[in-house]
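What follows is a short report on a single structure.
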Amino acid sequence: MNMPTNTPDEELSILFGAFCDGLHQEARARRMAKLTIGASGVDLGVSLTQARETEVASSLYFHLRSIGFFVQMESYFATGNQRRRPDFRIWLPVTRTYLYLELKLVAWGRGWRFYGKPALEDIGKLAQETDPQNLPNGLAMIGFDNPDAHERLEQKCQKLSEDITQQHPSYQRVGLQSVDLQGLDARTSCAMVGLWVRKCPTQPAD
């Protein structure tokens with residue numbers, strides 16, 4: 405009896421779910437660290453909202469590897485501009501290709517500020533790639549918020565998604581959803597996670 409295999413779309417959905425789960429697990433680990441060590445009014449650096457993109461990327465990198473993905477961080481494109489280093493290079497076994505992903509944080513749970521323009525700029529740069537080995541690429545987006553700002557953040561992320569697919573129709577939205585962080589800190593209770601990937605014929609890796 406043949407075992408069922410995943411389709412390329414299902415493979416991307418699994419990857420998106422892994423990003424969402426990884427963020428939730430990281431928030432839980434940091435919350436437990438805060439309870440165990442004790443804050444006592446001192447910033448122990450356990451808040452995701454105070455983390456840089458590289459720190460969040462590192463956390464997601466370890467989670468993806470722990471569940472079986474082959475991932476490299478800040479790996480150069482296969483060809484072209486060697487100064488460009490996407491945050492992730494992920495092997496997709498179904499399509500037998502590497503996917504290059506940029507990670508962009510768009511909100512930090514601090515009031516109403518939303519930084520969607522840098523995300524659009526990043527995906528615009530990805531859209532300029534022409535070498536077949538670099539074409540499997542995309543953007544992962546994360547935005548943190550508090551309860552008062554959640555609805556507004558959802559609207560902003562939905563608008564960003566529409567802008568991405570309108571301005572860059574070669575990209576498809578794999579997923580966009582809220583992730584419950586269960587009161588990570590005073591400013592953050594949940595996050596929005598999005599993933600957009602270029603629609604292109606896959607190029608098998610050597």
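So in this note's numbering, spot 108 of the sequence shown is number 512, and the numbers just go up one at a time.
We put the beta carbon where it would ideally sit given N, CA and C, even for glycine.
Remember, it's a predicted structure, so these values are computed and weren't measured experimentally.
Could you check if A511 is buried or exposed, using at least 16 other CB atoms within 10 Å of its CB as the buried criterion?
Stepping through the sequence shown from its first residue, residue 511 is reached at position 107. With 16 or more Cβ atoms within 10 Å of its Cβ, A511 is classed as buried.
Please report the distance separating the alpha-carbon of L564 from that of V597.
Here residue 564 refers to the residue found at position 160 when the sequence shown is read from its first residue. Here residue 597 refers to the residue found at position 193 when the sequence shown is read from its first residue. Looking at the two C-alpha atoms, the distance is approximately 12 Å.
Note the first and the last residue of the continuous alpha helix (DSSP H) segment covering T458.
Taking the sequence shown and counting its residues from 1, the one referred to as residue 458 is at position 54. It spans E457 to S470 - the alpha helix (DSSP H) in which T458 sits, taken as one unbroken run.
Check whether the Cβ atoms of G543 and L557 lie closer than 8 Å to each other.
Residue numbering aside, residue 543 sits at position 139 when the sequence shown is read from its first letter. Residue numbering aside, residue 557 sits at position 153 when the sequence shown is read from its first letter. Note on residue identity: the sequence assigns Leu, not Gly, to residue 543. Going by C-beta atoms, L543 is not nearer than 8 Å to L557.
Can you check whether the CB of D549 is closer than 8 Å to the CB of C594?
As a position in the sequence shown, residue 594 is number 190, starting the count at 1. As a position in the sequence shown, residue 549 is number 145, starting the count at 1. Result yes, Cβ atoms of C594 and D549 sit closer than 8 Å.
Going by beta-carbon coordinates alone, are L507 and A461 separated by less than 8 Å?
For the purposes of this step, residue 507 is taken as the residue at position 103 of the sequence shown. For the purposes of this step, residue 461 is taken as the residue at position 57 of the sequence shown. In contact: L507 and A461 (Cβ atoms closer than 8 Å).
Find the nearest neighbour of Q537 within the set S463, R602 and E555, judged by alpha-carbon distance.
On the sequence shown, position 133 is the one that residue 537 refers to. It is R602.
Looking only at its chain, what residues have a beta carbon closer than 6 Å to the beta carbon of G579, apart from the 5 residues adjacent to it on each side?
By 1-based counting over the sequence shown, the position of residue 579 is 175. Closer than 6 Å at the Cβ level, and outside the excluded window around G579, lie F420 and L599.
Using three-state DSSP, classify G520 as helix, strand or coil.
For the purposes of this step, residue 520 is taken as residue 116 along the sequence shown, with counting starting at 1. Three-state DSSP puts G520 in coil, outside helix and strand.
Alpha carbon to alpha carbon, how far is D425 from Y465?
Locating residue 425 in the sequence shown gives position 21, counting from the first residue. Locating residue 465 in the sequence shown gives position 61, counting from the first residue. In a straight line, the C-alpha of D425 is about 12 Å away from that of Y465.
Nearest by alpha-carbon distance to I546: which of T411, H572 and F518 is it?
One-based indexing of the sequence shown puts residue 546 at position 142. Checking every option, the nearest Cα to that of I546 belongs to F518.
Which residue from L503, I568 and E533 puts its Cα closest to that of L524?
Taking the sequence shown and counting its residues from 1, the one referred to as residue 524 is at position 120. For the residues L503, I568 and E533, the minimum Cα distance to L524 belongs to I568.
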